[in-house]
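Trainee: Heads up, the sequence shown is in the numbering used here, so the first residue is 184 and it goes up one at a time.
No residue lacks a Cβ here, since even glycine has one placed at the ideal position from N, Cα and C.
Take this structure first; my questions come after.
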Amino acid sequence: MENYYDLEIDNIVEKIKRGRAKKVLLQLPEGLKPFALEIADEIEKKTNAKAIIWFGSCYGACDLPQGLESIGIDLIINFGHSNFGF
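Here it is in structure tokens:
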């Protein structure tokens, strides 16, 4: 996977640690969903956070899942094409 995509896992790990996030939701486009478990495992190994994978549709950063407050999501990581500069 690392040979094909730069997923900036180290930046994600740093953001999770800085924000002390305990539950992180991963939103991925269809092309990255086959790698979802590998991405989640890597994040969980490098942080104290639980990575939850959203397997619903994802049409971009504006397509946020509803009802996340009820499960205590601290941070949403949306993998996509555009850099928002966070």
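Under 7 Å between the Cβ atoms of A151 and V196?
Mentor: With the chain running from 184 to 269 in the structure shown, residue 151 is simply not present.
Trainee: Cα separation between K198 and S253?
Mentor: The straight-line gap from Cα to Cα measures roughly 22 Å.
Trainee: N261 to K205, Cα distance in whole Å?
Mentor: Spanning the two alpha carbons is a distance of roughly 17 Å.
Trainee: Taking all protein chains shown into account, do 16 or more other C-beta atoms lie within 10 angstroms of the C-beta of L220, making it buried, or fewer, making it exposed?
Mentor: Per the 10 Å Cβ criterion, exposed.
Trainee: Let's see if you can read the secondary structure: which residues bound the alpha helix (DSSP H) around L220?
Mentor: Note, L220: alpha helix (DSSP H), A219 to K229.
Trainee: Can you tell which of Q210, I192 and L190 has its C-alpha closest to the C-alpha of I256?
Mentor: Cα-wise, what sits closest to I256 is Q210.
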